[in-house]
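Structure, as structure tokens:
There are 2 protein chains.
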Amino acid sequence: MPRNQQVLLDNRPQGEAAVSNFKLVEVDTPALEDGQVLVRNHYLSLDPYMRGRMNDGKSYAQPQALGEPMVGGTVGEVVESRHPKFQAGDQVVGMGGWQTFSVVDAGVPGMLRKVDTTHVPLSYYLGAVGMPGVTAWYGLVKIINPRAGETVVVSAATGAVGSAFAALAKARGCRVVGIAGGPEKCAYATAELGFDACIDYRVHNDLKAMNKALKEACPNGIDGYFENVGGYILDAVLLRANAFARVALCGMIAGYDGAPLPLQNPALILINRMKFEGFIVSEHMEVWPEALTELGTLVAQGKLRPRESVAQGIENAPQAFLGLLKGKNFGKQLVKLI
Amino acid sequence: MPRNQQVLLDNRPQGEAAVSNFKLVEVDTPALEDGQVLVRNHYLSLDPYMRGRMNDGKSYAQPQALGEPMVGGTVGEVVESRHPKFQAGDQVVGMGGWQTFSVVDAGVPGMLRKVDTTHVPLSYYLGAVGMPGVTAWYGLVKIINPRAGETVVVSAATGAVGSAFAALAKARGCRVVGIAGGPEKCAYATAELGFDACIDYRVHNDLKAMNKALKEACPNGIDGYFENVGGYILDAVLLRANAFARVALCGMIAGYDGAPLPLQNPALILINRMKFEGFIVSEHMEVWPEALTELGTLVAQGKLRPRESVAQGIENAPQAFLGLLKGKNFGKQLVKLI
Numbered sequence: 060m061p062r063n064q065q066v067l068l069d070n071r072p073q074g075e076a077a078v079s080n081f082k083l084v085e086v087d088t089p090a091l092e093d094g095q096v097l098v099r100n101h102y103l104s105l106d107p108y109m110r111g112r113m114n115d116g117k118s119y120a121q122p123q124a125l126g127e128p129m130v131g132g133t134v135g136e137v138v139e140s141r142h143p144k145f146q147a148g149d150q151v152v153g154m155g156g157w158q159t160f161s162v163v164d165a166g167v168p169g170m171l172r173k174v175d176t177t178h179v180p181l182s183y184y185l186g187a188v189g190m191p192g193v194t195a196w197y198g199l200v201k202i203i204n205p206r207a208g209e210t211v212v213v214s215a216a217t218g219a220v221g222s223a224f225a226a227l228a229k230a231r232g233c234r235v236v237g238i239a240g241g242p243e244k245c246a247y248a249t250a251e252l253g254f255d256a257c258i259d260y261r262v263h264n265d266l267k268a269m270n271k272a273l274k275e276a277c278p279n280g281i282d283g284y285f286e287n288v289g290g291y292i293l294d295a296v297l298l299r300a301n302a303f304a305r306v307a308l309c310g311m312i313a314g315y316d317g318a319p320l321p322l323q324n325p326a327l328i329l330i331n332r333m334k335f336e337g338f339i340v341s342e343h344m345e346v347w348p349e350a351l352t353e354l355g356t357l358v359a360q361g362k363l364r365p366r367e368s369v370a371q372g373i374e375n376a377p378q379a380f381l382g383l384l385k386g387k388n389f390g391k392q393l394v395k396l397i
Numbered sequence: 060m061p062r063n064q065q066v067l068l069d070n071r072p073q074g075e076a077a078v079s080n081f082k083l084v085e086v087d088t089p090a091l092e093d094g095q096v097l098v099r100n101h102y103l104s105l106d107p108y109m110r111g112r113m114n115d116g117k118s119y120a121q122p123q124a125l126g127e128p129m130v131g132g133t134v135g136e137v138v139e140s141r142h143p144k145f146q147a148g149d150q151v152v153g154m155g156g157w158q159t160f161s162v163v164d165a166g167v168p169g170m171l172r173k174v175d176t177t178h179v180p181l182s183y184y185l186g187a188v189g190m191p192g193v194t195a196w197y198g199l200v201k202i203i204n205p206r207a208g209e210t211v212v213v214s215a216a217t218g219a220v221g222s223a224f225a226a227l228a229k230a231r232g233c234r235v236v237g238i239a240g241g242p243e244k245c246a247y248a249t250a251e252l253g254f255d256a257c258i259d260y261r262v263h264n265d266l267k268a269m270n271k272a273l274k275e276a277c278p279n280g281i282d283g284y285f286e287n288v289g290g291y292i293l294d295a296v297l298l299r300a301n302a303f304a305r306v307a308l309c310g311m312i313a314g315y316d317g318a319p320l321p322l323q324n325p326a327l328i329l330i331n332r333m334k335f336e337g338f339i340v341s342e343h344m345e346v347w348p349e350a351l352t353e354l355g356t357l358v359a360q361g362k363l364r365p366r367e368s369v370a371q372g373i374e375n376a377p378q379a380f381l382g383l384l385k386g387k388n389f390g391k392q393l394v395k396l397i
């Protein structure tokens with residue numbers, strides 16, 4: 060059996076996460092038992108939710124166990140199979156974790172899924188046509204549920220979720236405004252991703268400035284907001300929200316390091332008769348087929364052309380992950396494992 | 060025509076509202092035009108939303124105009140009618156304002172409604188079987204939508220909304236926990252209003268103490284919260300909320316005086332996958348018939364026996380209103396005008 064390289068959670072962060080929280084090890088891959096499949100992972104997905112798992116506190120998911128490989132989505136190829144539905148050479152998506160090989164109980168529902176790479180590149184199944192894409196779909200379609208002509212806003216606009224959000228919202232006739240960090244990302248958002256406008260939060264770096272920028276970018280106010288960040292941007296959105304605006308709460312990156320970020324004026328939720336809804340997409344598996352079909356179609360039509368940031372080699376996964384938390388990635392953050 | 064006593068908004072509050080913001084005047088009642096009705100108001104309803112109207116800022120409703128009688132719900136008796144659907148002696152509910160007589164354009168939908176006092180006292184149409192009752196109904200039924208066995212919590216528990224909320228939630232098989240100020244109100248909540256438990260916020264007057272009290276009163280966590288107050292109580296509720304808990308935002312009294320009350324940890328909305336929804340019941344007229352029918356039935360069956368705080372005479376309306384904002388009322392706050 061091949062040797063397997065793994066990145067383990069070695070210890071929990073005190074405040075900011077650091078490279079020293081992780082540990083790279085090499086182990087043997089065990090012999091397969093009946094029903095198991097050995098997958099050579101080609102790409103590992105890095106996502107903000109992983110930061111939450113590193114903590115021990117109350118959250119929607121179990122904390123990541125110490126001494127175990129970090130959890131994470133992967134795409135790869137079946138090397139060996141003792142499950143009748145899979146065979147060597149199959150391209151698959153699953154939750155292989157931060158490791159170069161995974162042994163998967165392929166019969167457990169949701170563990171491993173074959174994918175077709177005829178029209179969609181393999182790595183996209185970790186992004187636009189995977190969990191981030193479905194996340195954007197759920198927040199837009201099931202929570203914001205916009206009418207044509209409404210204005211919707213998304214933070215972390217050039218990331219995997221934001222890119223998909225823009226394509227899905229444009230397909231519904233919305234005005235789509237992004238918020239991203241830096242002129243390069245903002246230019247990319249409007250030139251490549253279809254955003255009608257994009258606000259640079261590094262320039263508009265406080266409540267007053269963001270409020271002004273949103274007022275200009277959203278002359279008819281804000282009807283829907285997809286929240287990936289938290290903090291003063293959400294406060295500013297509330298100041299520009301129309302009556303009956305909807306907020307899909309998907310991420311609060313800035314708060315993961317332990318410092319709670321207050322919402323300055325929650326009375327605006329009442330004053331504007333708004334709806335806030337937090338969600339995690341893995342609890343809504345019933346929408347995945349419909350969402351993946353639409354996302355795959357948008358990719359095949361060239362209407363969704365997400366960018367990827369690819370780190371090379373599993374040994375660089377921790378550094379790439381910390382960069383993601385600080386917004387250093389540009390598009391979907393992946394680690395290429397082969 | 061009789062002389063009409065009115066309380067006008069004379070000037071807007073700077074911070075806390077004060078008696079000096081109001082002015083009592085006496086004017087002639089004008090002669091009726093075709094389609095108009097003259098109503099002798101018997102009771103005026105005092106409600107927290109009126110504080111919001113006194114400000115000039117952005118809110119869901121137009122600010123109360125200066126030099127005009129304060130807006131407000133009233134019940135009374137028709138004195139004279141030039142509208143075919145009303146005649147002298149009819150008992151009616153409407154938005155007569157802070158005055159002893161109202162001239163009403165009775166043909167405008169929603170302005171004036173005849174009521175039946177056979178089983179329901181006239182004043183109840185301003186409370187349990189009126190706007191506050193429907194408010195409780197909407198938040199509970201349309202937003203919280205509880206299943207039997209779930210735990211729901213309401214602040215301002217012994218007020219008109221809270222009383223109705225308790226009866227409606229008990230009818231749905233919920234555990235109902237109230238939050239109120241002082242041992243007398245808490246004892247009344249459990250002895251008379253059907254609450255399973257009631258927490259005294261004067262004793263549990265910070266986040267930590269309220270969190271502990273909620274933990275004891277809600278051993279299975281909180282599935283629904285009806286927010287009438289804002290501030291640290293909402294923060295504490297979030298700490299005890301179950302996954303998929305729903306919050307109906309109806310009032311934020313403590314914030315009306317201008318000081319915004321932050322929500323300390325909005326990331327909990329995401330972590331608990333909660334739903335927050337702000338509403339004002341006058342925008343949901345379609346539910347009123349169903350809600351009023353259920354509320355009237357609960358009153359007739361003796362399952363909803365709300366208490367009333369009655370101030371005597373329109374000249375005492377401002378003082379009673381300020382007391383309401385400070386929680387000095389006990390049950391529905393009314394002003395008796397005759």
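Protein sequence lines, in the order shown, are assigned to chains E and X. Just add 59 to the spot in the first sequence (first one is 1) and you have our numbering. Just add 59 to the spot in the second sequence (first one is 1) and you have our numbering. We put the CB at the ideal spot given by N, CA and C, even for glycine. As the structure is a prediction and not an experimental result, all values here were calculated from the model.
Between the Cα of residue i and those of the options, spot the shortest distance and give me the residue it belongs to.
i: Lys229 (chain X); options: X:Thr210, X:Ala215 and X:Arg366; result: X:Thr210
i: Arg112 (chain X); options: X:Asn100, X:Pro128, X:Leu103 and X:His101; result: X:Pro128
i: Gly280 (chain X); options: X:Gly148, X:Asp265, X:Arg299 and X:Asn270; result: X:Arg299
i: Asp93 (chain E); options: E:Arg110, E:Val130, E:Val167 and E:Asn114; result: E:Val167
i: Ala147 (chain E); options: E:Gly153, E:Gly135 and E:Met154; result: E:Gly135
i: Gly241 (chain E); options: E:Asn70, E:Pro365, E:Ala295 and E:His263; result: E:His263
i: Ile397 (chain E); options: E:Arg110, E:Lys334, E:Tyr197 and E:Ser182; result: E:Ser182
i: Val212 (chain E); options: E:Pro180, E:Ala90, E:Leu293 and E:Trp157; result: E:Leu293
Ignore the nearest five residues each way along the sequence and tell me which others in residue i's own chain have a CB closer than 6 Å to its CB.
i: Ala359 (chain X); result: His178
i: Val96 (chain X); result: Val137, Ser140, His142, Phe145, Val163 and Ala165
i: Leu83 (chain E); result: Val66 and Glu374
i: Ala256 (chain E); result: Val236 and Ala276
i: Ala370 (chain E); result: Ala379 and Val394
i: Pro191 (chain X); result: Ala219 and Val220
i: Ser368 (chain E); result: Asn388, Phe389, Gly390 and Gln392
Only counting the same chain, and skipping five residues up and downstream in sequence, which positions put a Cβ closer than 8 Å to that of residue i?
i: Lys362 (chain X); result: Ala226, Lys229, Ala230 and Gly253
i: Ala77 (chain X); result: Leu381
i: Gly372 (chain E); result: Val394, Lys395 and Leu396
i: Gly132 (chain X); result: Leu103, Ser104, Asp106, Val152, Gly153, Met154, Gly155, Leu185, Gly189 and Met190
Is residue i helix, strand or coil by DSSP?
i: Ala187 (chain E); result: coil
i: Arg112 (chain E); result: helix
i: Gly156 (chain E); result: coil
i: Gly283 (chain E); result: strand
i: Ile258 (chain E); result: strand
i: Asn100 (chain E); result: strand
i: Glu139 (chain X); result: strand
i: Arg364 (chain E); result: coil
i: Phe335 (chain X); result: strand
i: Thr249 (chain X); result: helix
i: Tyr353 (chain E); result: Sequence inspection shows Glu at residue 353 (chain E); the Tyr mentioned does not correspond to that position. In this structure, Glu353 (chain E) counts as helix in the three-state DSSP scheme.
i: Asp294 (chain X); result: helix
i: Gly237 (chain X); result: strand
i: Ala302 (chain X); result: strand
i: Leu91 (chain E); result: coil
i: Phe81 (chain E); result: strand
i: Asn70 (chain X); result: coil
i: Leu322 (chain E); result: strand
i: Lys385 (chain E); result: coil
i: Pro168 (chain E); result: coil
Just to confirm, are residue i and residue j a CB contact at a threshold of 8 Å?
i: Ala248 (chain X); j: Ala239 (chain X); result: yes
i: Leu383 (chain X); j: Leu105 (chain X); result: yes
i: Lys387 (chain E); j: Tyr102 (chain E); result: no
i: Lys244 (chain X); j: Phe389 (chain X); result: yes
i: Val200 (chain E); j: Cys309 (chain E); result: no
i: Lys98 (chain E); j: Gly153 (chain E); result: Note that residue 98 (chain E) is Val in the sequence shown, not Lys. For Val98 (chain E) and Gly153 (chain E), yes; Cβs fall inside 8 Å.
i: Trp347 (chain X); j: Val151 (chain X); result: no
i: Asn100 (chain X); j: Thr159 (chain X); result: yes
i: Phe224 (chain X); j: Phe285 (chain X); result: yes
In chain order, what residues of the same chain lie with their CB nearer than 7 Å to the CB of residue i, ignoring the 5 residues before and after it?
i: Ala295 (chain X); result: Leu266, Met269, Asn270 and Leu273
i: Phe335 (chain E); result: Val306, Leu308 and Ile328
Is the region 350-357 of chain X touching the region 324-333 of chain X in the sense that three or more CB pairs, one from each, lie closer than 8 Å?
no
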